[in-house]
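Trainee: Just passing along the structure, written as C-alpha cells.
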Amino acid sequence: MSLFYRLFIENFHETLLYNIIKDFLFPLFLALISVITAYYFFFRQILNDNQKMIERKKEELKDKLTYFSLIIHNAIQNSKEQNENLKTLISELEGIEIDSRPQFIAPITDLKNIAKKIDIENYLLSFLEYYSSGNKIENAGKFKTIIDSCGMIYQIFLQNDKFLKDKLKLDSEGKIKLSAMVNECANLLGKCLHKMHEEKNPLFPEFIKINDDANKKMNLYGDEFLRGQYYLILKPCLELLDSWDRRHIVFDEDLGNLWITSKDGVELYNNMCRNNILLLNHLKINFKEVENLLIDIETSSQQLRKDFL
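First residue of the sequence shown? That's 8 in the numbering used here, and the numbers climb one at a time after it.
And the structure:
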C-alpha cells in the first residue's frame, strides 16, 4: 500500500486527472474566488452606501423638524409678546372716549412663514415619518392644529393692525371736523351772548354760565381740549336749545345756527365714542381668541419642541 501510494504520488502529475485539475478546475476555482470576492465587496459597498443614505435621510429629517420646531417656538413667543401689547393697548383705551393710538407690533415673521411660506405637505410627511410609531390620524391632527392656529393668529394680528390704522385715520379726520365745530359754536355763542345782553334776554345767565365754564378749560390741548369743549359747550348748548325748542321759544338765525352746529358736534363726538367702544370690544375678542389658539399650539407641539429644542 505504501509502495502503491508512493508510485501514485510520483506519477500523479502525468495523469489525466492532474491535467484536468491543473488546466480546468484550478483556474475555475480561482475565477470563482475572484467573482465571489468582487461580489462581496460590491454588495458591501452597496450596503454601506444604503446605510449612509439612511443616516443622511435621518439627519435631513431631524434638521427639517428642528427648523420647524424652532419657528413654532418663535411664533409662540412672538404671539405672546404681541398679545401682551394688545392687552396693554386695551387697558389704555378703557374709559377713553375718542382717543386712539397705534399698537406696538412685535415681529411676526415666523407666524407668516408657517401661515404662508413653508411647504405644508412636505413638513407633514416629515412629521408623520418621525412619529410613525404613534397614531397617524392623531399626529396629523396635531400638525393641522399647529398650522391652522398659526394661520389664524397671523390673520388676527393683521386684522388688528388694519382696524387700528383705519381707526386712527377716522379719528384724525373726526377731530379736525370736531375742532372746527367747537370753534364755530364758540363764535356763535359769543355773538348770541352779545345780542342777548343788549336785549336783556332773561335766558342770558344760562348762556353766560356755559361760556364761563368753557373758558376755564381753554388751557387744555388736543384730545383733552376737544373732550372738555364737548362737555362744556357742545352738549350744554344742545341740551339748552333742545329745551327751548320743546317750550316753543323762537330762535333767531344765530341761535338756530348754534343749535344745528352743536347738534352736529354732539352727534360726531358720540359716533367717535361708539367707534371706540366697537374697536375695544373687537380687540378684547381677538385677545381672548389668540390666547386660546396659543394654548392649542403649545399643546399640539409640546412633544415636537421637547424632542428638537
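We treat Cβ as the ideally placed atom computed from N, Cα and C, and that holds for glycine.
By how many angstroms is the C-alpha of Glu213 removed from the C-alpha of Leu93?
Mentor: 45 Å
Trainee: Consult DSSP for Ser140 and reduce its assignment to one of helix, strand or coil.
Mentor: coil
Trainee: What number of angstroms, rounded off, separates the C-alpha of Ile284 from the C-alpha of Glu104?
Mentor: So the two alpha carbons sit approximately 8 Å from each other.
Trainee: For a quick check, are the C-beta atoms of Asn282 and Lys169 less than 8 Å apart?
Mentor: No; because the gap between Cβ atoms is not below 8 Å, this pair is not in contact.
Trainee: Counting C-beta neighbours from all protein chains within 10 Å, is the total for Ile115 16 or more, i.e. buried, or is it exposed?
Mentor: buried
Trainee: Is it true that the CB of Val189 sits closer than 8 Å to the CB of Gly263?
Mentor: no
Trainee: Check whether the region 154 to 168 touches the region 289 to 298, counting contact only when three or more Cβ pairs, one atom from each stretch, lie closer than 8 Å.
Mentor: yes
Trainee: From Phe325 to Phe50, what does the alpha carbon distance come to, in whole angstroms?
Mentor: Past the edges of the chain, shown from 8 to 316, lies residue 325, and the structure says nothing about it.
Trainee: Give the straight-line distance between the Cα atoms of Met8 and Ile43, rounded to the nearest whole angstrom.
Mentor: Legend: pLDDT at Met8 = 48, less than 50; position of this residue unreliable, no value from coordinates given.
Trainee: From Ile217, Ala38, Gln84, Thr268, pick the residue whose C-alpha is nearest to that of Glu298; which is it?
Mentor: Gln84
Trainee: What runs of the beta strand (DSSP E), each 3 residues or longer, lie entirely inside the region 156 to 207?
Mentor: Complete beta strand (DSSP E) runs here, min 3: none at all.
Trainee: Please go through the same chain and pick out, in chain order, the residues whose beta-carbon is closer than 7 Å to the beta-carbon of Met279, but skip the five residues on each side of it.
Mentor: Residues Ile105, Asp178, Gly181 of the same chain have their beta carbon placed closer than 7 Å to that of Met279, with the five preceding and five following residues left out of the count.
Trainee: Which value, in whole angstroms, describes the spacing of the CA atoms of Asp249 and Ile240?
Mentor: 14 Å
Trainee: Please classify Glu104: does DSSP put it in a helix, a strand, or coil?
Mentor: coil
Trainee: Going along the chain, which unbroken runs of the alpha helix (DSSP H) with 4 or more residues stay wholly within the region 205 to 260?
Mentor: 211 to 222, 229 to 236, 242 to 253
Trainee: Indicate whether Lys202 and Asp261 have their beta-carbon atoms separated by less than 8 Å.
Mentor: yes
Trainee: For Leu300 and Ile160, which I take to be in contact (beta-carbon distance under 8 Å), what is that distance rounded to the nearest angstrom?
Mentor: 5 Å
Trainee: Please look up how many angstroms separate the CB atoms of Ile304 and Ile153, rounded, as I've assumed it's under 8 Å.
Mentor: Contact between Ile304 and Ile153 holds: their C-beta atoms lie close to 6 Å from each other, under 8 Å.
Trainee: If you drop the 5 nearest sequence neighbours on each side, which residues of the same chain put their C-beta closer than 7 Å to that of Asp155?
Mentor: none
Trainee: So, Leu275 versus Lys184, is the Cβ gap smaller than 8 Å?
Mentor: yes
Trainee: Output yes or no for whether 8 Å exceeds the beta carbon distance between Leu72 and Ser133.
Mentor: yes
Trainee: So the candidates are Ala38, Ile144, Cys244, Cys157; which of them puts its Cα closest to the Cα of Phe75?
Mentor: Cys157
Trainee: Does the distance between the C-beta of Tyr276 and the nearest non-hydrogen atom of the ligand SAM fall short of 7 Å?
Mentor: In the structure shown, the ligand SAM is absent, as is every other ligand, since no ligand is present at all.
Trainee: Going by alpha carbons, who is nearest to Phe150 out of Gln309, Phe315, Leu316?
Mentor: Nearest C-alpha to Phe150: Gln309.
Trainee: Does DSSP put Pro114 in a helix, in a strand, or in coil?
Mentor: coil
Trainee: Let me confirm a value: Asp89 is counted as buried when at least 16 other C-beta atoms fall within 10 Å, else exposed. Which label applies?
Mentor: First, the residue type needs correcting, since residue 89 is Gln and not Asp in the sequence shown. Gln89 should be labelled buried.
Trainee: Out of Cys244, Tyr130, Gly148, which has the shortest C-alpha to C-alpha gap to Thr306?
Mentor: Nearest of Cys244, Tyr130, Gly148 to Thr306, Cα basis: Gly148.
Trainee: Note the first and the last residue of the continuous alpha helix (DSSP H) segment covering Lys356.
Mentor: Within the shown structure, residues of the chain are numbered from 8 to 316, placing residue 356 beyond reach of any answer.
Trainee: Please classify Asp117 as buried or exposed, where buried requires at least 16 other C-beta atoms within 10 Å of its C-beta.
Mentor: So Asp117 ends up on the buried side.
Trainee: For the alpha helix (DSSP H) containing Leu316, list its first residue and its last residue.
Mentor: Neither: Leu316 is in no alpha helix (DSSP H) and is coded neither H nor E.
Trainee: If you reduce the DSSP assignment to three classes, tell me which class Ser308 lands in.
Mentor: coil
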